[in-house]
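Working notes, beginning with the structure itself.
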Amino acid sequence: MPGSTGTRIRALWYPSRGAAIVVSRERHPHTPSCPPTASLPRRGARSGPSSRPSCGSLPLPTSPAIGRAGLFTVLIGAALPFLDFFIVNVALPTIDDDLDAGPALLEMVVGGYGVAYAVLLVLGGRLGDMVGRRRLFVWGTAAFGVTSVACGLAPDAWSLVAARIAQGAAAALMLPQVLATIQATTSGERRTRAMSLYSGTAGVASAVGQVLGGVLVSVDLAGTGWRSIFLINAPIAAAALLLALRSVPETRSANPARVDVRGTLLLTLSLVSLLVPLTEGRSTGWPLWSWVLLGVFPLATAALVAVERREERAGRTPLVPPSLLRVHSVRSGLAVIAPFSVGWGGFMFVLAVVLQEGLRLGPMTAGLALLPMCAAYLAGSMAGPRLAARYGRRVVTAGALIQLTGLTTVLATFWFGWDGLGAAGPGPGLAIQGLGQGLLIPPTLRIVLSEIPVDRAGVGSGVMVTTQQAFMALGVATMGSLFLSLAPSAGMREALLITFGAQLLVVVATVLLSLRLPGSLR
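Per our numbering, the very first residue in the sequence shown carries number 215; after that it's consecutive.
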């Protein structure tokens with residue numbers, strides 16, 4: 215309509231006080247009006263109706279809304295990385311028999327993917343902000359398909375390790391674009407629903423990965439054996455790529471920041487110096503290099519913090535902005551995600567070993583034992599956001615308490631019913647645990663992203679998923695190493711008791727940290 219007035223929203227990042235949404239008036243038809251300015255809470259401020267920006271959830275005018283087909287497409291991209299983190303767990307014995315890999319290389323098959331994935335996630339989010347999130351999603355999806363084929367055709371163990379590292383790097387390009395696209399192209403109730411679908415997809419894909427891996431190894435499609443767990447990704451990635459070109463809108467930052475080279479290198483060094491020795495140290499006998507790397511970790515982390523603070527004080531956008539971590543919703547949400555991810559990653563790895571090596575179940579039966587957890591997680595993740603809108607933070611705390619109850623039930627089931635325990639035995643405990651996790655994670659993910667401006671959606675989602683993935687890999691390394699080091703001398707049942715007992719403490723920490731989340735999850 216001639217002469218109508220609209221609103222232009224720009225999301226800016228200020229070193230002194232985090233992020234702000236700056237609103238200016240301009241001639242633009244059919245654009246809702248907003249207050250003159252709105253800003254995120256000052257450092258240390260708690261979220262709530264009074265401090266929440268009224269227009270902060272609106273997408274930039276240049277970001278069209280995503281349709282159902284586009285959302286379905288990016289959710290496929292969200293499922294693949296989580297699926298492939300866990301899909302190898304039940305296939306490891308078969309891979310060992312076929313390639314004569316040995317314990318150290320088998321742990322690298324799991325850990326190499328996780329380390330590469332965690333190291334490059336924040337950079338993947340930054341690049342998506344710069345060059346376009348759909349473009350990088352397409353590139354990452356194509357690379358994931360190619361590297362999956364390389365894994366499936368690997369002639370020896372070292373080739374498989376190299377392909378898995380490349381596959382993790384491809385996943386790091388793809389996954390941050392999913393959350394950033396959702397953040398940039400949805401608002402209000404649609405964003406709540408999309409985030410619920412994302413978290414449900416990620417959680418179910420993690421559990422289904424082990425189910426699918428067991429089924430594929432047992433079915434032995436066309437004589438491919440364990441190789442089919444990787445080759446199946448190729449047609450899925452190809453379909454996602456074609457759908458993305460047709461249905462996913464392109465979004466990018468209005469003020470793209472340059473790549474923080476020093477921050478990227480220091481973050482890489484920090485994660486590698488922690489995760490590699492913890493993943494490989496036990497199986498290689500804790501050689502000197504593992505202790506040297508562990509000694510490098512605190513130095514690299516301190517240097518990263520100093521460099522990122524200096525970058526932000528100079529008015530530049532660092533790879534991990536310290537002001538981002540001063541926003542209460544981000545800081546408190548990540549504090550819940552970290553222990554949850556440690557427990558989840560370690561639990562799934564140890565459970566796969568116990569079902570096959572302890573209870574002597576076949577790959578398919580071991581995988582199908584997780585179906586109750588998958589179904590309950592999906593139900594919880596669908597109900598969680600609606601309950602959170604009504605009851606707020608209490609839903610996250612309730613989910614953590616339900617998870618604690620489920621884990622205790624699983625532990626008791628294995629301890630008292632070890633002899634003769636079949637695949638259905640741990641089912642009730644796994645279902646309770648899955649329900650609690652489904653109630654816990656979707657609202658927490660939304661909390662982390664709720665006050666991050668659209669202009670920095672890639673950075674925010676990259677930091678969040680890096681936290682999730684790094685601590686998941688840390689859980690596999692620490693809890694897996696604890697279990698595998700105890701099992702030969704103490705016995706598998708006793709090792710399971712000690713390991714899951716340690717996880718109980720981690721879940722208790724999750725319960726306590728959930729009390730620090732913002733009271734309102736709207």
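For glycine and all other residues, C-beta sits at the position ideal for the given N, C-alpha and C.
Assigned exposure category for residue i - 16 Cβ within 10 Å defines buried
i: S487; result: buried
i: P599; result: buried
i: R660; result: buried
i: N303; result: buried
i: R604; result: exposed
i: W505; result: exposed
i: R496; result: buried
i: S664; result: buried
i: A283; result: exposed
i: V721; result: buried
i: L485; result: buried
i: D311; result: exposed
i: P449; result: exposed
i: D474; result: buried
i: R527; result: exposed
i: E708; result: exposed
i: R466; result: buried
i: A436; result: exposed
i: F737; result: Residue numbering for the chain in the displayed model covers 215 to 736; residue 737 lies beyond these limits and cannot be assessed.
i: G529; result: exposed
i: L621; result: buried
Nearest residue (CA-CA) to residue i, options the options
i: V544; options: R730, I450, F628, P586; result: R730
i: I309; options: L367, M587, S695; result: L367
i: D633; options: V324, L573, A371, G328; result: L573
i: A520; options: L480, I661, T724; result: L480
i: F563; options: W500, S728, D298, F286; result: D298
i: M322; options: W440, I301, Y412, V375; result: V375
i: A394; options: Q381, A380, M409; result: M409
i: I301; options: A451, D312, S442, G414; result: S442
i: F286; options: P640, L459, D312, G325; result: L459
i: Q391; options: G581, G354, V725, A436; result: G354
i: G428; options: G325, P307, G606, L710; result: P307
i: S461; options: T498, T724, A453; result: A453
i: G414; options: V662, Q651, A305, V345; result: Q651
i: T724; options: L700, T611, V690, A704; result: T611
i: V567; options: F554, P553, A552, A583; result: A583
i: L426; options: A691, L710, F296; result: F296
i: V345; options: G326, A468, L289, A371; result: A468
i: E170; options: G328, T680, I666, A318; result: In the structure as shown, the chain begins at 215 and stops at 736. Residue 170 is therefore absent and cannot be evaluated.
i: I280; options: V690, P732, L457, L508; result: L457
i: L710; options: P501, L719, F697, L718; result: F697
i: F444; options: A380, W500, Y412, V329; result: A380
i: L548; options: T531, G417, P657; result: P657
Extent of the continuous alpha helix (DSSP H) run through residue i
i: L485; result: 475-494
i: W503; result: 502-527
i: L367; result: Element bounds for L367: n/a, residue is neither H nor E.
i: L779; result: Residue 779 is absent from the model: the chain starts at 215 and stops at 736.
i: Q617; result: 608-630
i: S555; result: 542-567
i: V425; result: 402-433
i: Q570; result: Premise fails: Q570 is in no alpha helix (DSSP H) and is neither H nor E.
i: V712; result: Per the sequence shown, the amino acid found at residue 712 is Ile instead of Val. It spans 706-728 - the alpha helix (DSSP H) in which I712 sits, taken as one unbroken run.
i: E321; result: 316-345
i: S664; result: 641-664
i: R604; result: 585-605
Closer than 9 angstroms to chain D by CB, residue i
i: V679; result: The structure shown contains no chain D; it holds only a single protein chain.
Contact test: residue i Cβ vs the ligand COA heavy atom, cutoff 8 angstroms
i: A723; result: The ligand COA is not part of the structure shown, which contains no ligands of any sort.
Any contact of the region 617-633 with the region 707-726, i.e. 3+ C-beta pairs under 8 angstroms?
They touch, by the three-pair rule.
For the pair the region 543-558 and the region 395-404, tell me if three or more CB-CB distances fall below 8 angstroms.
Cβ pair count under 8 angstroms is below three, so no.
Say whether the region 646-664 touches the region 353-366, bearing in mind that this needs 3 or more beta-carbon pairs closer than 8 angstroms, one atom from each stretch.
Too few Cβ pairs lie closer than 8 angstroms, so no.
Could you tell me whether the region 570-588 touches the region 408-425, using the rule of 3 or more Cβ pairs below 8 angstroms?
Enough Cβ pairs lie closer than 8 angstroms, so yes.
Whether or not the region 400-409 and the region 341-353 are in contact is what I'm after, with contact meaning three or more pairs of Cβ atoms, one per stretch, closer than 8 angstroms; do they touch?
No: the two stretches stay apart, fewer than three of their Cβ pairs being nearer than 8 angstroms.
Could you tell me whether the region 608-617 touches the region 675-685, where touching means 3 or more Cβ pairs closer than 8 angstroms?
With the cut-off at 8 angstroms, the region 608-617 and the region 675-685 do not touch.
So, do the region 328-343 and the region 381-397 have three or more beta carbon pairs nearer to each other than 8 angstroms?
In short, these stretches touch, since the Cβ pair count reaches three.
Three or more C-beta pairs under 8 angstroms: does that hold for the region 577-584 against the region 428-436?
Contact between the region 577-584 and the region 428-436 is present, because at least three Cβ pairs lie under 8 angstroms.
Taking 8 angstroms as the cut-off, does the region 525-541 touch the region 681-697 (at least 3 CB pairs, one atom from each stretch)?
Between the region 681-697 and the region 525-541, the count of Cβ pairs shorter than 8 angstroms is below three; the stretches do not touch.
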